[in-house]
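Residue numbers (this note's numbering), protein chains in the order written: chain A, 1 to 644; chain B, 1001 to 1644.
Number of protein chains: 2
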Amino acid sequence: MNIKRTFDRDSLTEEEIEFLKSFTKKCRGDILRMTTLATSGHPGGSMSSIDIYAILYGFCNVYPSDPFNPERDRIIISHGHTTPGVYSALGNYGFFDMEDAVLNFRTAGSPFEGHVEKSVPGIEWNTGNLGQGLSAACGFALNSRLNNLNCNIYCVMGDGEQAKGQIGEARRFAVKYKLNNLTVIVDKNGLQIGGKTSEIMPDNIKGNFEADGFHTIEIDGHDFNEIYSAVKKAHAIDSPVVIIANTIMGKGVSFMENRAKYHGSTLNTEDCKKALNELGERDDIDELINEKKLNKPIKSLNKRTDNRFVLEPDNKNIIYTRDKNTDNRSAFGNALFDIAKSYKEKTDSQRIPFAVFDCDLEGSVKTGAFRKEFSDNFFESGIEEHNAAVISGALSSESILTFFADFGVFGVDEVYNQQRLNDINNSNLKVVCTHCGIDVGEDGKTHQCIDYFGIINSTFGFKVIIPADPNQTDKAVRYIASHKGNFVLIMGRSVIPVILNEEGEPFFGENYEFKYGKTDTVRKGNDLTIISTGNMLTHALKGYEMLKEDGINPTLINISCPSDIDVEDLKSAAKTGLIITIEDHNVKTGVGTAIGTLIAENGINVKFRKLGATFYNSSGKSNELYKLAGLSPQDLYNAAKKEI
Amino acid sequence: MNIKRTFDRDSLTEEEIEFLKSFTKKCRGDILRMTTLATSGHPGGSMSSIDIYAILYGFCNVYPSDPFNPERDRIIISHGHTTPGVYSALGNYGFFDMEDAVLNFRTAGSPFEGHVEKSVPGIEWNTGNLGQGLSAACGFALNSRLNNLNCNIYCVMGDGEQAKGQIGEARRFAVKYKLNNLTVIVDKNGLQIGGKTSEIMPDNIKGNFEADGFHTIEIDGHDFNEIYSAVKKAHAIDSPVVIIANTIMGKGVSFMENRAKYHGSTLNTEDCKKALNELGERDDIDELINEKKLNKPIKSLNKRTDNRFVLEPDNKNIIYTRDKNTDNRSAFGNALFDIAKSYKEKTDSQRIPFAVFDCDLEGSVKTGAFRKEFSDNFFESGIEEHNAAVISGALSSESILTFFADFGVFGVDEVYNQQRLNDINNSNLKVVCTHCGIDVGEDGKTHQCIDYFGIINSTFGFKVIIPADPNQTDKAVRYIASHKGNFVLIMGRSVIPVILNEEGEPFFGENYEFKYGKTDTVRKGNDLTIISTGNMLTHALKGYEMLKEDGINPTLINISCPSDIDVEDLKSAAKTGLIITIEDHNVKTGVGTAIGTLIAENGINVKFRKLGATFYNSSGKSNELYKLAGLSPQDLYNAAKKEI
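Printed below as a string of structure tokens:
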């Protein structure tokens, strides 16, 4: 049947309802086939959500033959474990070959994974860790606003996940920013893995959404006309809307209905046959089991277009001369403003494809100049870091150059898992973390992000850049703005001197080009090599000078890209016989550790020592704290003297 | 004045009100002295909260001379940056020398840090990263229930932080568990760093608390009688209560009132003098500045008693024989049940000092037997991991042996920052993470916790233990239950064979004693050393056998305590000439990296290779995924052959 993809009519036709009945019967059959064949998966919630999926994937502006059209509606599945439902709706609508999904569901190497993954056409965002989908949907809604797209954004959620706090954050953001093209549908089947939602963690979905300013509509989630009409109604309402769809877990098979067991348990072959019979679906399970054994190749899927946007590199820079000491975060703020302004001037456009997210720290992370000039592109997310991390990740995966600027403890430590999922989603996020290290000073141990590298290095995609001074910061900002992928730019809090070369000119000045992964040799000597990261370079230079006065000639190296350390440079450094690393980071998981293991793996013969934080430090001036931490110039001097 | 510490009266006496006026005048003066002297800190919110602090620290059951009495009321400060207010109330009530706090606030090495820290008597929980205080308060409320203490729990919060989702999680938990001795007071001054709360992130505090089932009371937060009466009223109400206290940021100094600037900015000396004059406080700022320069030693503070509870070690064990293969998580569940039951039998007590926290995964993390027998000690926290992590951390710091059992991606990745703050709080938490590694199987990449070690190793206190089989798991569970401190116990998902010695008997059987940090030599050979962690040992053993068949004799080592690797054992292993590590973990941040850097630091001369995960894997049977990851026995065999 050729469905007219619109919610403009008052109700569905008789014919459409008949079609949907037969369509969802087939889908329910496929849900059971898929999970029984895989002997794992989540049939229960798939069967409670399937009528919603049938309406959304059937009547929204999404097209099986053109699944990545930028003007399409975005349907985000927050309860990502309902893959059997989602895939059966998408497959039966023709987004891909349904049999491929049935035969290869949850099979190693297949795209039809256990939780929704965006390698499958129709899927917009990988979820699975609950409570993140609404934030992603907010990101897609912002994309529609910034790119002036006439589309709707839908987020389908479970009821168990409503306990998660991040959903409240997303609600408040959606209301604050009037994301009125956003419609949430909660599949309220009343059950979760452990039993009744009202017993596991009682919640008040309607009350919670209303308190935060959503309009609520309550419907029977198995009545096609009610679903259709609610969506139509939602489109007309001048606020974000939640449709609370009362459903039945396992709907359609009598012995599965309302049984929490079927949240995450599958039917054995016998029960599957019974269920297919009850549905009136063909019992083909034995044939499929045999078919699966053949391991036939999967038909290739439509490939997602890479819309991630970055700037053309240019050679513009702001140079900080020796009389212009500042903190790296100001250099970031200046560079950010400069690249946005340059883009606007160059393209002569009204709107710029930029977004900057802040969590009530604009003054500290220095995004104020950007906000003042580009207020439509600045999103003040309040003290809601989890939400801001996911929104910015989702938005960055569309054609918006997105920065998320925050203190290190919030931008990395608090939201590590959100960043991990952004990375899995192949986002293009530029995370800018200020106030990293012991250098956070008086705010004390809870605010000392001394794990930025150790943490984010546990993702595969995020690259860490730790510039040493304002000049290197300026170039690093321009670098990440013009290169695709996820980056975390690390900076401390303090004003630091411009790093100078031996001639007294800015080391990272006019003649310096930021090449990702390149090691900077700041001073050259033969007696040992000091490797410093970030704003430790200022202190390392002082230690260097103390050693020089003693007649010891160190090489002093700056590593700003610890995710990709040049092994050849380490081999050269090893020729001095001793390498000492110094960093404002937990010594167990920092750059020194990365270097140490490279030394071991490459059989580099050198004496090796590392200096870094070994305890949660105190609250005070950062130079005082460095002394307590054993990271002062004197400590570096002592360490070098001891080993030489 | 001798305050009668009770909320039993209808209102305060005239004399008490006069006292409080003069007391808070002094406190406001001290807030300004402290922050001006430190040239940093948060005076604005301190001055809006101080009247609340004066009532709480004055009338609750907290005693300056006996600050750690177990029966005391617990007052948790969630907006931890209001230290100047908290310290001025505590100091002026005599919990410590007020002048010490004034002179040493935010000074390196002093206990009077920028955010509340529990080394200061009167402080119950370090906060500073917002949104966590209410969860900690829930933990203290559970402590009062489990230890049958007749005390009240108070949580004072800011209004800016109400945007944080975790607070909603804590609300729902408090209502579910009827934590009716919990009273929340929100200092609603309407401002946060960036400006008006209603503009930064509009929220509906009353609506949000009511939707989740709290009773709400609204008061003038600068009227002593209203504060006092509201607390009295809250005690009588049969549900958790929030008192929304309307206040004025900077209250008491005309030019500071209602100015967001003073959230985090201090007065210079001149303005401070003006402010002290306006308050009618002595202008002693110049004297104090001179005094501060003397760096006089701080009078020693009352030392917190360590109430953290662990079991006496005993020699009981469950032995899994070769015909009793199971998964490590079942071995955990069995051990947990066994130690609780043994404790109950041994002590013949009605209540056991145990708590187990679950996030809707009881069936998977195998805590069901415990729940059935000890339902009063089991806390089903629903899909609210951030909240559960903090509650369990706070409870563990009191005299309750606390386990938090969850999938690795939730217990570590999602809540890393909460665990970091637990660690800073010196908690005694036993985190049990199941479904770690690629071994999570069909749930796919979003659920693969392949960073458990890299992440948690960035704390200083948490120790990671990765048992290799059910026998070692049993012993590791008993070890963490009988040793103080924070531990993360790591296990996969699959059923794995009991590891046998060369005689075919359980390697970790009756004669095996779990000694923390000890390396297990599972097989002995001279040609190379394979180092395996956790349930990789099963696969490593297969690789070992393949090599043996080829005439190659490896040593096979199991490292279950990677936070503290024995360097001498590495030196011995190096004598074989080649070390290969294999782990179900991101290769960049795993045990192999820790070993590599130890090799480099200790100048150990050995060829070194590491195998681990190098990409986000797929969804499928774990053995299939290991093949994709290059972590199968064949891959280990190939790696060894290549290097020999």
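Using N, Cα and C, we set each Cβ at its ideal position, and we do this for glycine too.
>> Any C-beta of chain A within less than 9 Å: which residues of the region 1367-1389 of chain B qualify?
In response: Glu1380, Ser1381, Gly1382, Ile1383, Glu1384, Glu1385, His1386 and Asn1387
>> What would DSSP say about Lys1475(B), mapped onto helix, strand or coil?
In response: By one-based count along the second sequence, residue 1475(B) stands at place 475. Three-state DSSP puts Lys1475(B) in a helix.
>> Quick check: is the beta carbon of Leu1130(B) nearer than 7 Å to any beta carbon in chain A?
In response: In the second sequence, residue 1130(B) corresponds to position 130, counting from 1. Closer than 7 Å: yes.
> Given a threshold of 16 other Cβ atoms within 10 Å of its Cβ, counted over all protein chains shown, does Phe1255(B) qualify as buried or as exposed?
Replying inline: Indexing the second sequence from 1 puts residue 1255(B) at position 255. Phe1255(B) comes out exposed.
>> Using a 10 Å radius around the Cβ and a threshold of 16 neighbouring Cβ atoms, would you call Arg1009(B) buried or exposed?
In response: As a position in the second sequence, residue 1009(B) is number 9, starting the count at 1. That one is exposed.
>> The beta strand (DSSP E) that contains His386(A), what's its start and end?
In response: Position 386 of the first sequence, counted from the start, is the residue given in the question as residue 386(A). Note, His386(A): premise wrong, no beta strand (DSSP E); alpha helix (DSSP H) at Glu385 to Ser397.
>> Here's the rule I'm using: 16 or more other beta-carbon atoms within 10 Å means buried, otherwise exposed. How should Glu226(A) be labelled?
In response: Reading the first sequence from its first residue, position 226 is the one you call residue 226(A). Buried, by the Cβ-count rule.
>> Any C-beta of chain B within less than 7 Å: which residues of the region 534-568 of chain A qualify?
In response: none
> Just to confirm, are Lys1293(B) and Asp1283(B) a CB contact at a threshold of 7 Å?
Replying inline: Counting from one through the second sequence, the residue named residue 1293(B) turns up at place 293. Counting from one through the second sequence, the residue named residue 1283(B) turns up at place 283. Contact: no.
>> I'd like to know whether the C-beta of Ala101(A) is nearer than 7 Å to at least one C-beta of chain B.
In response: On the first sequence, position 101 is the one that residue 101(A) refers to. Cβ-Cβ to chain B under 7 Å: no for Ala101(A).
> Leaving out the 5 sequence neighbours to the left and right, which residues in its chain are closer than 7 Å to Ser229(A) when beta-carbon positions are compared?
Replying inline: On the first sequence, residue 229(A) is found 229 positions in, with the first residue counted as 1. Correct list, in chain order: Ser11.
> Could you give the distance in angstroms between the alpha-carbon of Glu1345(B) and the alpha-carbon of Arg1371(B)?
Replying inline: As a first step, residue 1345(B) must be located in the second sequence, where it is residue number 345. As a first step, residue 1371(B) must be located in the second sequence, where it is residue number 371. Between Glu1345(B) and Arg1371(B), the C-alpha separation is close to 17 Å.
>> Judging by CA-CA distance, which residue of Glu513(A), Asn152(A) and Asp520(A) is the nearest neighbour of Ala573(A)?
In response: Position 573 of the first sequence, counted from the start, is the residue given in the question as residue 573(A). Considering only alpha carbons, the answer is Asp520(A).
> So Ser618(A) and Leu628(A) are in contact, right, with Cβ under 8 Å, and what is the actual spacing, rounded?
Replying inline: Here residue 618(A) corresponds to residue number 618 of the first sequence, with the count starting at 1. Here residue 628(A) corresponds to residue number 628 of the first sequence, with the count starting at 1. Between Leu628(A) and Ser618(A) the Cβ distance is about 6 Å, and since that is below 8 Å, they are a contact.
> Does the region 575-590 of chain A come within contact of the region 448-461 of chain A, defined as at least 3 CB pairs closer than 8 Å?
Replying inline: yes
> What did DSSP end up calling Leu1636(B) once you bin it into helix, strand or coil?
Replying inline: The residue you call residue 1636(B) lines up with position 636 of the second sequence. Residue state, collapsed to three classes: helix.
> For Gly1168(B) versus Gly165(A), is the C-beta spacing smaller than 7 Å?
Replying inline: Locating residue 1168(B) in the second sequence gives position 168, where the first residue counts as 1. Locating residue 165(A) in the first sequence gives position 165, where the first residue counts as 1. Their beta carbons are under 7 Å apart, which means Gly1168(B) touches Gly165(A) by this criterion.
> Using Cβ-Cβ distances below 8 Å, what residues of the region 31-54 of chain A are close to chain B?
Replying inline: Ala38, Ser40 and Gly41
> Do Phe1615(B) and Gly1596(B) have their C-beta atoms within less than 7 Å of each other?
Replying inline: Start at 1 with the first residue of the second sequence, and residue 1615(B) comes out as number 615. Start at 1 with the first residue of the second sequence, and residue 1596(B) comes out as number 596. No, they are not a contact pair.
>> Starting from Leu1146(B), trace the alpha helix (DSSP H) in both directions and tell me its first and last residue.
In response: Walking along the second sequence from the start, residue 1146(B) turns up at place 146. It spans Gly1133 to Leu1146 - the alpha helix (DSSP H) in which Leu1146(B) sits, taken as one unbroken run.
>> Would you say Pro954(B) lies against chain A (beta-carbon separation less than 7 Å)?
In response: Lying before the first or after the last residue shown, residue 954(B) is absent from chain B, which here runs from 1001 to 1644.
>> Please report the straight-line C-alpha distance between Ala211(A) and Glu380(A), rounded to a whole angstrom.
In response: Taking the first sequence and counting its residues from 1, the one referred to as residue 211(A) is at position 211. Taking the first sequence and counting its residues from 1, the one referred to as residue 380(A) is at position 380. The alpha-carbon atoms of Ala211(A) and Glu380(A) are separated by roughly 20 Å.
>> So, with DSSP's three-state summary, where would you put Ala1594(B)?
In response: Residue numbering aside, residue 1594(B) sits at position 594 when the second sequence is read from its first letter. If DSSP states are grouped into helix, strand and coil, Ala1594(B) belongs with the helices.
> Mind pulling the alpha helix (DSSP H) runs of 4 or more residues that sit fully within the region 24-89 of chain A?
Replying inline: 43-59
> What separation, rounded to the nearest whole angstrom, lies between the Cα atoms of Leu1429(B) and Phe1332(B)?
Replying inline: Within the second sequence, numbered from 1, the residue matching residue 1429(B) stands at position 429. Within the second sequence, numbered from 1, the residue matching residue 1332(B) stands at position 332. For Leu1429(B) and Phe1332(B), the distance between alpha carbons rounds to 16 Å.
>> With a threshold of 8 Å, are at least 3 pairs of Cβ atoms found where one atom belongs to the region 1534-1547 of chain B and the other to the region 1563-1572 of chain B?
In response: no
> Which one or two residues does DSSP pair with Val1242(B) in a beta bridge?
Replying inline: Here residue 1242(B) refers to the residue found at position 242 when the second sequence is read from its first residue. In DSSP, Val1242(B) forms a bridge with Val1184(B) and Thr1216(B).
> Do you know whose CA, among Leu134(A), Leu288(A) and Ala136(A), lies nearest Thr36(A)'s CA?
Replying inline: Taking the first residue of the first sequence as 1, we reach residue 36(A) at position 36. Considering only alpha carbons, the answer is Leu288(A).
> In terms of residues, what are the limits of the beta strand (DSSP E) holding His1435(B)?
Replying inline: Stepping through the second sequence from its first residue, residue 1435(B) is reached at position 435. Counting along the chain, His1435(B) falls outside any beta strand (DSSP E), and DSSP gives it neither H nor E.
>> As a quick exercise: from His235(A), Ile193(A), Gly190(A) and Val241(A), pick the residue whose alpha carbon is nearest that of Val184(A).
In response: If you number the first sequence from 1, residue 184(A) lands on position 184. Ranking the options by Cα distance to Val184(A), first place goes to Val241(A).
> Touch check for the region 72-83 of chain A and the region 299-310 of chain A: three-plus C-beta pairs under 8 Å?
Replying inline: no
> What number of angstroms, rounded off, separates the C-alpha of Gly1179(B) from the C-alpha of Asn129(A)?
Replying inline: In the second sequence, counting from the first residue as 1, residue 1179(B) sits at position 179. In the first sequence, counting from the first residue as 1, residue 129(A) sits at position 129. Here the sequence assigns Leu to residue 1179(B), which means Gly is not the residue at that position. For Leu1179(B) and Asn129(A), the distance between alpha carbons rounds to 28 Å.
> Within 10 angstroms of its Cβ, does Val120(A) collect 16 or more other Cβ (buried), or is it exposed?
Replying inline: Within the first sequence, the letter at position 120 stands for residue 120(A). Classification of Val120(A): buried, given that the 10 Å Cβ count is 16 or more.
> Which term fits Ser1349(B), buried or exposed, when burial requires 16 or more other beta carbons within 10 angstroms of its beta carbon?
Replying inline: Taking the first residue of the second sequence as position 1, residue 1349(B) is located at position 349. Exposed.
> Would you say Phe404(A) reaches chain B, if we count a Cβ-Cβ gap shorter than 7 Å as a contact?
Replying inline: As a position in the first sequence, residue 404(A) is number 404, starting the count at 1. With 7 Å as the cut-off, Phe404(A) does not count as an interface residue toward chain B.
>> Using 8 Å as the cut-off, can you tell me whether the region 632-639 of chain A makes contact with the region 1241-1252 of chain B, which would need three or more C-beta pairs spanning the two stretches below that distance?
In response: no
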